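A short write-up of the structure that comes next.
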Amino acid sequence: MYRILSTSLALAIAACLAGNVTAADKCPEAVELFSGESLAGWDCFLADPNVKMEDVWSVKDGILVSKGEPLGYLFTEKEFTNYRLIVQWRWAPGTEPGNSGVLLRIAGDAVSFLPKCVEAQLKSGDAGDIWAFYGAHVKGDEERLRVIKDHETLGDLVGVGKIKGNEKPPGEWNEYEITFDGGDLTLLVNGEKVNEATGCDVVPGRIGLQSEGGEIHFRSVKLIPMDTCPKEVTLFNGKDLSGWTYHLRDPNAPMENTWRAGDGVLRCEGQPIGYLKTENKYTNYVLKLEWRWPEGSQPGNNGVLLRVVGEDKVWPKSVEAQLAHDAAGDIWNIDEFPMRTDPERTQGRHTAKMKPSNEKPPGQWNEYEITLRGGDLTLKVNGEVQNTATEVEEVPGAIGLQSEGAPIEYRNIRLYLSD
11 MYRILSTSLA LAIAACLAGN VTAADKCPEA VELFSGESLA GWDCFLADPN VKMEDVWSVK
71 DGILVSKGEP LGYLFTEKEF TNYRLIVQWR WAPGTEPGNS GVLLRIAGDA VSFLPKCVEA
131 QLKSGDAGDI WAFYGAHVKG DEERLRVIKD HETLGDLVGV GKIKGNEKPP GEWNEYEITF
191 DGGDLTLLVN GEKVNEATGC DVVPGRIGLQ SEGGEIHFRS VKLIPMDTCP KEVTLFNGKD
251 LSGWTYHLRD PNAPMENTWR AGDGVLRCEG QPIGYLKTEN KYTNYVLKLE WRWPEGSQPG
311 NNGVLLRVVG EDKVWPKSVE AQLAHDAAGD IWNIDEFPMR TDPERTQGRH TAKMKPSNEK
371 PPGQWNEYEI TLRGGDLTLK VNGEVQNTAT EVEEVPGAIG LQSEGAPIEY RNIRLYLSD
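Positions in the sequence shown are counted from 1; adding 10 to them yields my numbering.
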């Protein structure tokens, strides 16, 4: 939202949000902040007190429209502290994209045309930036930290530049997934992590949508309170292999020759045979990850190992959620792991998926959603249930990613713990 030389300055759910609901039953349903019919539950501030709310904000065909002038913001009547917020937005088709933002933990009244708050930026080309105004606190990676002193309108402010951009072209719908958990803030744009910050003030506050110079459209503004949601664990930080260990059939092979991390992607070369596994053990959870066969490579075999127990060997006692090309969603029982599957689809250790493959072509990202709750296992591939098992032995175990002959890439590996 911040632009230095302009007076016009420069929001899940992963596991619990409508459309992605598979996490623990304790997580409440999404709160629809925007009904699609009216502005009930919202109020606004406009820099020009003579302009009415309805002259700037309106609802048309289920879409919340902001004309962008005058400067100001729409804000919720209720306050929220810890939550996942999903906001879908686009710049009005056929118009010049402009500036806006999602305001978080709003404290008090507006000082200029903004209140004390943290902003998830929506400015075209900069979605994913984070800014803190009027004494709100935020910390981040020093290389991406931005500190502005004595700005003519906003005074002192601090920001954290996005890790990478992931917006769609102007006129197309984008989706923000904003997670505020204590002092930690995480932003995903169109399913990809683009920023994170720490050190934010843990206070209840309203949520706002800015009017800031360009016509912008919003829809599907949903919120999940975090206080009763399962705890999220980021298994892969996008930078390195912290929290992971490995076992390879060749004991002399270094880890870095098989797996490497960078730019949010974990790449496995597929050789030698073996697996990466978490240092920690988990029992009940929802595991979400994305994978693809690299563009131009020959897709092959791989898998996600669940409840890995016992000695390290190829392969360890576990349940495998298959990733072999055109077979994602199959289940393999490794080393007689106690479980029950559909006998009509089971031959030996292998249980075939329920439906034809719904994988995307090589080079495109797919999503696995794996739910283990007690003895029940469910595998979803790209949002569709492909397999289930029951009476899976309930023991804490590591989570593993195989190296099995072909290059494969992973990203956004997240775990939602449940009781």
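No residue lacks a Cβ here, since even glycine has one placed at the ideal position from N, Cα and C.
If you're wondering where the values come from, they're calculated on a predicted model, not measured in any experiment.
Q) Just the Cα atoms here: how many angstroms apart are S413 and T268? A) 8 Å
Q.
Just list the residues that DSSP pairs Q220 with in beta bridges.
A. Y83
Q: Look up N392 in the DSSP assignment and give the residues it is bridged to.
A: DSSP output for N392 lists no bridge partner at all.
Q. Taking C-beta to C-beta, are D340 and E369 nearer than 8 Å?
A. In terms of Cβ geometry, D340 and E369 do not form a close pair [threshold 8 Å].
Q: Sort out for me which residues DSSP pairs E419 with in a bridge.
A: Paired residues: R277 and R302.
Q. Smallest Cα separation from S221: which of G111, P282, G253 and G384?
A. G111
(Q) According to DSSP, is D191 part of a helix, a strand, or is it coil? (A) In this structure, DSSP gives D191 an extended state, which the three-state scheme calls strand.
Q.
If you follow the alpha helix (DSSP H) that V66 is in, where does it begin and where does it stop?
A. M63 to V66
Q: For C54, write down the residues that DSSP places opposite it in a beta bridge.
A: L84
Q) Would a C-beta distance cut-off of 8 Å place L233 and F90 closer than the cut-off? A) yes
Q) What did DSSP end up calling N270 once you bin it into helix, strand or coil? A) It should be noted that the sequence gives Arg, not Asn, for residue 270. Three-state DSSP puts R270 in a strand.
Q.
If you reduce the DSSP assignment to three classes, tell me which class R154 lands in.
A. helix
Q: From the DSSP output, read off the bridge partner residues of T163.
A: Bridge partners of T163: none, in fact.
Q) What is the residue span of the beta strand (DSSP E) that R350 lies within? A) First-last for R350: undefined, no H or E at that position.
Q: Answer yes or no: do E403 and P348 have a C-beta to C-beta separation smaller than 8 Å?
A: yes
**Q.** Sheet register partners of F228 (DSSP bridge)
**A.** Answer is L74 and W99, bridged to F228.
(Q) So R317 and V405 are supposed to be a Cβ contact under 8 Å. How far apart are they, rounded? (A) Contact holds; Cβ gap of about 6 Å.
**Q.** Under 8 Å between C-beta atoms of I380 and L297
**A.** yes
Q) So what does DSSP say about E354, is it helix, strand or coil? A) helix
Q: Check whether the Cβ atoms of R350 and A408 lie closer than 8 Å to each other.
A: no
Q.
Within the continuous beta strand (DSSP E) that includes H257, where are the two ends?
A. In this chain, the beta strand (DSSP E) harbouring H257 covers W254 to L258.
Q: Drop a sphere of 10 angstroms on the beta-carbon of Y420, count the other beta-carbons inside from all chains shown, and report buried for 16 or more, exposed for fewer.
A: buried
Q: Return the residue from the list E79, P125 and I344 that minimises the CA-CA distance to Q5.
A: Only positions 11 to 429 of the chain appear in this structure, which leaves residue 5 out of reach.
Q) What's the gap between the Cα of E152 and the Cα of I116? A) So the two alpha carbons sit approximately 25 Å from each other.
**Q.** Continuous beta strand (DSSP E) stretch holding I283: start and end
**A.** From DSSP, I283 is part of no beta strand (DSSP E); its letter is neither H nor E.
Q.
Does Y12 pass the burial test, meaning 16 or more other C-beta atoms within 10 Å, or should it be called exposed?
A. With a pLDDT of 34 at Y12, under the threshold of 50, the predicted position of this residue should be treated as unreliable, and no value is reported.
Q: Could you tell me if N60 is buried or exposed, where buried requires 16 or more neighbouring beta carbons within 10 angstroms of its beta carbon?
A: exposed
(Q) Give me the DSSP bridge partner(s) of I140. (A) A130 and V170
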